[in-house]
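Those letters in the sequence shown? Residues 0 to 58, by numbering that gives the first Met the number 0.
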Amino acid sequence: MKTSNSLLVIVLLAAIGSVIFMMSWVYPMSIYTYLLALDVLGILWIAVYELRKKYRKKK
């Protein structure tokens, strides 16, 4: 995945996450709470992937 594509995916996940976050405030401890956790995990997964790719290139 190109870095620009990864950034686009992170921005999209953050936008979706903000909507899910608002819904999880309206309906606490519902499916939205789990969706928010999955969304945050997705953002972290892509960020770690990009950082590892960046440090592998330096060696």
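Glycine included, C-beta positions come from ideal geometry on N, C-alpha and C. Values in this document were obtained by computation on a predicted structure and should not be read as measured data.
query: What is the residue span of the alpha helix (DSSP H) that tyrosine 26 lies within?
result: It is not in any alpha helix (DSSP H) - tyrosine 26 carries neither H nor E in the DSSP assignment.
message: Under 8 Å: do the stretch 18-25 and the stretch 43-54 share three or more Cβ pairs, one atom per stretch?
response: Touching, no.
- prompt: Which same chain residues, not among the five before or five after leucine 12, have their C-beta less than 6 Å away from its C-beta?
  reply: Sequence-distant partners of leucine 12 (beyond 5 residues in either direction) whose C-beta falls short of 6 Å from its own C-beta, in its chain, are Asp38, Gly41 and Ile42.
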